[in-house]
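For any residue, its number in my numbering is found by taking its place in the sequence shown, counting from 1, and adding 40. No residue lacks a Cβ here, since even glycine has one placed at the ideal position from N, Cα and C. Quantities reported herein were computed from a predicted structural model and do not represent experimental measurements.
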Amino acid sequence: MNCRDARLLLHAWLDDELDAADSLALTRHLADCADCTQRVRVHVQLRDALRKAELYRPASTKLRERIAAQLPRPAGLARAAVAARSPRSGWRFAVAALAALFVIAASFAGWQTLQLRRQDSNALIAAAVSDHVRSLLPGHLIDVRTSDQHTVKPWFDGRVDFSPQVKDLSAQGFELVGGRLDVLDGRQVAALVYRRHLHMINVFQWPGGAAIAGSAHTRDGYRVLQWNQDGLHFVAVSSVAEGDLQAFMRAFRGTPAPAGESTH
Ligand SMILES: [Zn+2]
Numbered sequence: 041m042n043c044r045d046a047r048l049l050l051h052a053w054l055d056d057e058l059d060a061a062d063s064l065a066l067t068r069h070l071a072d073c074a075d076c077t078q079r080v081r082v083h084v085q086l087r088d089a090l091r092k093a094e095l096y097r098p099a100s101t102k103l104r105e106r107i108a109a110q111l112p113r114p115a116g117l118a119r120a121a122v123a124a125r126s127p128r129s130g131w132r133f134a135v136a137a138l139a140a141l142f143v144i145a146a147s148f149a150g151w152q153t154l155q156l157r158r159q160d161s162n163a164l165i166a167a168a169v170s171d172h173v174r175s176l177l178p179g180h181l182i183d184v185r186t187s188d189q190h191t192v193k194p195w196f197d198g199r200v201d202f203s204p205q206v207k208d209l210s211a212q213g214f215e216l217v218g219g220r221l222d223v224l225d226g227r228q229v230a231a232l233v234y235r236r237h238l239h240m241i242n243v244f245q246w247p248g249g250a251a252i253a254g255s256a257h258t259r260d261g262y263r264v265l266q267w268n269q270d271g272l273h274f275v276a277v278s279s280v281a282e283g284d285l286q287a288f289m290r291a292f293r294g295t296p297a298p299a300g301e302s303t304h
């Protein structure tokens, strides 16, 4: 894929509208092309900035009153109906209708934000799965191959602008294979690779992200777990059984296994 093709597909990709083949081709292009990656980053930043909740401003009482003052006075039939009540009830009705309108607008904005968040989350999961699949192609899995966490962590110094968490989970049955740089949904992320029997587990991490206690998804047969920890956002992807990926997350987060379950 060249840059021209990549740029034609970028928006569809960001909206999670590409099929697996195009998505894979584009992700591969982004991994090698700094220009297009920068372009994605700008789009993502713009999109994220526009979705900030602080952009929403409820109307002040003064503004409501001013709008109410400019509404036409009830005429004809409406006036006859209103005349039976106090002379001010027309105003009250206008203000109440306006207030209702604001409530509807606010709920719609909330609903829209929720939809956008959902789309965001879907796009992220799709990107994580396609990065995982790409990482399994020959020569793509790791940039630094070692089972030593003390080698992997310093390797990321100067390559990413945060300090990634690298954990030795061999005692819990997850062998650290190595790490690499990756691009996920327009962000540069640190990717760690662990092995569970014959399955690979990719753990992507980057600073920030929406607070998530732990959410599980299945996409194209892969399991995806997301969580937040110490100011970092984590996404783990693998073809291991769901229980194994949950066990991995618990091991990584350092939370004990629920009673009656054992990791082996
Ligand atoms: Zn390019």
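*May I have the straight-line CA-CA distance separating R68 from A297, to the nearest angstrom?*
The residue given as residue 68 occupies position 28 in the sequence shown. The residue given as residue 297 occupies position 257 in the sequence shown. Distance between the alpha carbons of R68 and A297 is about 37 Å.
*Specify the secondary structure class of I182 as computed by DSSP and reduced to three states.*
The residue given as residue 182 occupies position 142 in the sequence shown. DSSP places I182 in coil when its eight states are reduced to three.
*In chain order, what residues of the same chain lie with their CB nearer than 8 Å to the CB of D183, ignoring the 5 residues before and after it?*
Here residue 183 refers to the residue found at position 143 of the sequence shown. W195, G218, G219, R220 and L221.
*Host alpha helix (DSSP H) of M41 (start-end)*: Working through the sequence shown from its first residue, we reach residue 41 at position 1. Careful: M41 lies outside any alpha helix (DSSP H) and carries neither H nor E.
*Closer than 7 Å by C-beta to A149: which residues in its own chain qualify, once you throw out the five before and the five after it? Chain order, please.*
Within the sequence shown, numbered from 1, the residue matching residue 149 stands at position 109. Here A149 has Y96 as same chain residues with Cβ atoms under 7 Å from its own Cβ, once five neighbours each way along the sequence are excluded.
*Put L54 into one of helix, strand or coil per three-state DSSP.*
Residue numbering aside, residue 54 sits at position 14 when the sequence shown is read from its first letter. In this structure, L54 counts as helix in the three-state DSSP scheme.
*Quick check: the region 222-238 against the region 257-266, are there 3 or more CB pairs under 8 Å?*
Judged by pairs of C-beta atoms under 8 Å, the region 222-238 does not touch the region 257-266, as fewer than three such pairs exist.
*asked:* So, does the region 268-280 touch the region 238-245, judging by three or more C-beta pairs under 8 Å?
replied: yes
*Cβ contact (3+ pairs, closer than 8 Å) linking the region 61-77 and the region 169-178*: yes
*Three-state secondary structure assigned by DSSP to L49*: For this step, residue 49 is matched to residue 9 along the sequence shown. L49 falls in the helix class under three-state DSSP.
*Start and end of the beta strand (DSSP E) containing L216?*
Stepping through the sequence shown from its first residue, residue 216 is reached at position 176. Its beta strand (DSSP E) spans residues E215 to L224.
*Thinking S278 and R263 are a contact (beta carbons under 8 Å), I'd like their distance in whole angstroms, please.*
Locating residue 278 in the sequence shown gives position 238, where the first residue counts as 1. Locating residue 263 in the sequence shown gives position 223, where the first residue counts as 1. Their Cβ separation, rounded to whole angstroms, is 6 Å, which keeps S278 and R263 in contact under 8 Å.
*Are the Cβ atoms of Q212 and A287 separated by less than 9 Å?*
Locating residue 212 in the sequence shown gives position 172, counting from the first residue. Locating residue 287 in the sequence shown gives position 247, counting from the first residue. A contact, by the Cβ cut-off of 9 Å.
*For ligand 1, is there a heavy atom less than 8 Å away from the beta-carbon of D75?*
Within the sequence shown, residue 75 is the residue found at index 35, counting from 1. It does: the Cβ of D75 is within 8 Å (strictly closer) of some heavy atom of ligand 1.
*ligand 1 heavy atoms versus the CB of H69: any closer than 8 Å?*
Translated into positions along the sequence shown, residue 69 becomes position 29. The answer is yes for H69.
*S187 and L216 look like a contact to me (Cβ under 8 Å); what is the Cβ gap, rounded to whole Å?*
By one-based count along the sequence shown, residue 187 stands at place 147. By one-based count along the sequence shown, residue 216 stands at place 176. Contact flag correct, Cβ pair sits at about 5 Å.
*Find the nearest neighbour of V135 within the set R104, G283 and K193, judged by alpha-carbon distance.*
As a position in the sequence shown, residue 135 is number 95, starting the count at 1. Residue R104 is the option with its Cα nearest to V135.
*Pick out whichever of A140, D62, L90 and L265 has its Cα sitting closest to the Cα of A99.*
Along the sequence shown, one-based indexing puts residue 99 at 59. Among A140, D62, L90 and L265, the Cα nearest to that of A99 is on A140.
*asked:* In whole angstroms, give me the CA-to-CA distance for T303 and R236.
replied: Here residue 303 refers to the residue found at position 263 when the sequence shown is read from its first residue. Here residue 236 refers to the residue found at position 196 when the sequence shown is read from its first residue. Any reading at T303 must be qualified, since the residue scores a pLDDT of 46, below 50, and its modelled position is unreliable; the value itself is stated next. Taking the straight line from one Cα to the other gives about 12 Å.
*Assuming A52 and C73 make a contact with CB atoms under 8 Å, what is their CB distance in whole Å?*
As a first step, residue 52 is located in the sequence shown; it is residue number 12 there, counting from the start. As a first step, residue 73 is located in the sequence shown; it is residue number 33 there, counting from the start. Not a contact, Cβ separation roughly 17 Å.
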